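These notes concern the structure reproduced below.
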Amino acid sequence: MSSSWVSRAVPLGYISSLGKLPTCSLRRNPLLLSTRPPSRYNAPPHKSRGQIATSNKATTSQGIRINKCFTGFASRRESDNFITEERVKINGTIAAPGARVNPGDEVTLDGRIIDWERLTVQPSTENFHYVKHWKRENILCTTDQSFANNILQEVQLPGIPDRVFPVGRLDESSTGLILLTSDGRLPNVVLGASKQWTKTYLVTTDRWVSDEDLVSLREGIVINTVSKRDRGVRIKHSAATLPCEIERHEDDLLVTLREGRNRQIRKMFGALGYTVEMLHRIEFMGITLEGLGGPGDSCELDEREMNLVKLALGETIE
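Numbered per numbering that gives the first Met the number 0, the sequence shown spans residues 0 to 317.
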């Protein structure tokens with residue numbers, strides 16, 4: 000087989016068609032968008048001015064957007080309406096849309112104190128960075144900068160001061176799409192077999208894979224994986240892979256997984272006597288390489304891709 004398949008770009012239309020969504024819908028969760036009026040606005044007795052002045056010493060550099068202060072009883076849209084209708088004040092001054100509050104600030108709605116610091120204000124994607132990167136061969140998906148070929152040396156984007164880290168990994172010899180973020184929630188919600196987010200790879204093997212073997216690979220192959228570490232000792236166990244999708248693409252194969260065990264594709268083909276010569280990821284959770292110029296390129300996620308991230312995190316999509 001040709002070893003130069005990376006240069007043979009998969010047709011753009013095909014890549015775009017790989018933006019498969021999980022079984023859940025992008026439609027908004029009605030539970031998050033309820034238009035029922037809040038049952039109460041009143042919060043516990045408000046702080047004295049002395050308490051407010053004291054807590055202002057803990058002011059953060061950016062604060063929290065004012066519309067997040069009503070998360071406990073109002074939807075995002077309702078919160079925005081409170082502000083545009085000039086019903087919200089911060090320390091006695093009418094709040095402007097986009098205003099931010101810091102610990103100790105007094106927030107009122109229709110003159111009533113909102114103890115916003117006690118409400119559960121969930122982290123928002125607005126507070127983090129989300130990047131996609133076209134990984135080159137021989138780059139390690141590690142943030143350990145003692146390795147000269149660590150992936151952080153590859154991702155150099157202006158305006159991203161926060162520390163970012165990979166969401167999952169590709170092994171050193173593999174190439175293609177890797178997501179990086181400063182949001183620690185994302186790996187927890189998109190990785191693992193129970194999450195059911197797809198990953199699609201273009202795979203080159205050392206020889207033609209028979210139709211019979213493709214059936215076996217699709218149904219699941221028993222491979223060895225490391226289940227845990229006990230005092231530094233690797234403990235291995237054998238288990239069948241979950242059913243997956245495999246299609247032929249010219250001389251190569253397109254493999255779509257819904258789990259991510261260590262070196263899974265290489266082990267699956269190896270179990271049937273094949274060697275994976277090249278492994279290139281082209282899609283992850285509906286996000287593709289589209290918009291990237293080539294190996295080593297990075298960019299922040301666009302609106303469509305951010306909607307997929309918000310969907311995964313359970314946030315409302317406007």
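We put the beta carbon where it would ideally sit given N, CA and C, even for glycine.
No experiment lies behind these values; they were computed from the predicted model shown.
Three-state secondary structure (DSSP) of Thr-70: coil
Residue environment, Ser-47, which counts as buried when at least 16 other CB atoms sit within 10 Å: Only weak support is given to the placement of Ser-47: the predicted model assigns it a pLDDT of 38, under 50, and the value that follows is read from those uncertain coordinates. Exposed.
Length of the line joining the Cα atoms of Pro-21 and Val-163: In this predicted model, Pro-21 has a pLDDT of only 34, less than 50, meaning its place in the structure is not dependable; the value taken from the coordinates is given anyway. Cα-Cα distance, rounded: 25 Å.
Inter-residue CB distance, Val-221 and Ser-209 (contact presumed, cutoff 8 Å): Not confirmed; about 19 Å, so no contact.
Residue(s) in a DSSP beta bridge with Val-87: Leu-108
Contained beta strand (DSSP E) runs [length at least 3] in the segment 183-224, N- to C-terminal order: As far as the segment 183-224 is concerned, its whole beta strand (DSSP E) runs of at least 3 residues are 198-204.
Assumed close pair Ser-241, Gly-219 - CB separation to whole angstroms, cut-off 8 Å: The amino acid occupying residue 241 in the given sequence is Leu; Ser does not appear at that position. That belief holds up - the Cβ atoms of Leu-241 and Gly-219 are roughly 6 Å apart, short of 8 Å.
Ser-145 burial status per 10 Å Cβ neighbour count (16 or more: buried): Looking at its Cβ environment, which holds fewer than 16 other Cβ atoms inside 10 Å, Ser-145 is exposed.
Where Asp-104 falls, given that 16 or more other Cβ within 10 Å makes a residue buried: buried
Minimum C-alpha distance to Val-100 - residue among Ser-173, Ile-93 and Ile-89: Ile-89
Span of the beta strand (DSSP E) around Arg-280: Following the DSSP letters along the chain, one finds Arg-280 inside the beta strand (DSSP E) bounded by residues 275-283.
Backbone CA spacing between Gly-285 and Glu-314 [nearest angstrom]: 17 Å
Nearest-angstrom Cβ-Cβ length linking Ser-131 and Leu-300, presumed shorter than 8 Å: The sequence shown places Lys at residue 131, rather than the Ser named in the question. So it is a contact: roughly 6 Å between Cβ atoms.
Of the listed residues Arg-135, Trp-196, Leu-179 and Asp-182, nearest to Glu-171 (C-alpha basis): Arg-135
Through-space distance from Glu-211 to Asp-182, alpha-carbon basis: 42 Å
Cβ-based neighbour list, Ala-57, same chain, cut-off 6 Å, excluding 5 preceding and 5 following: With a pLDDT of only 30 at Ala-57, under the threshold of 50, the placement of this residue in the model should not be trusted, and no figure is reported.
Spatial neighbours of Pro-37 in its chain, beta-carbon cut-off 7 Å, leaving aside the 5 residues before and after: Here Pro-37 scores only 32 on pLDDT, less than 50, and its place in the model is too uncertain to base an answer on.
Closest Cα partner of Glu-249 within the set Val-87, Trp-207 and Lys-235: Here the closest residue by C-alpha is Trp-207.
Identified DSSP bridge partners for Asn-149: Leu-139
Gly-318 in three-state terms, based on DSSP: With the chain covering 0 to 317 only, the question about residue 318 has no answer from this structure.
Span of the alpha helix (DSSP H) around Arg-303: 302-312
Residues sharing a beta bridge with Pro-165, DSSP: Leu-179
Separation of Leu-288 from Glu-282, as counted between CA atoms: 7 Å
Burial state of Asn-66 (16 or more Cβ within 10 Å): Counting Cβ neighbours within 10 Å, Asn-66 comes out buried, since at least 16 surround it.
Burial state of Arg-235 (16 or more Cβ within 10 Å): Per the sequence shown, the amino acid found at residue 235 is Lys instead of Arg. Its Cβ having fewer than 16 others within 10 Å, Lys-235 is exposed.
Local conformation of Arg-76 per DSSP, three classes: helix
Coil, strand or helix - Thr-124 by DSSP: helix
First and last residue of the uninterrupted beta strand (DSSP E) at Val-254: Membership of Val-254 in the beta strand (DSSP E) is indicated by the continuous run 251-256.
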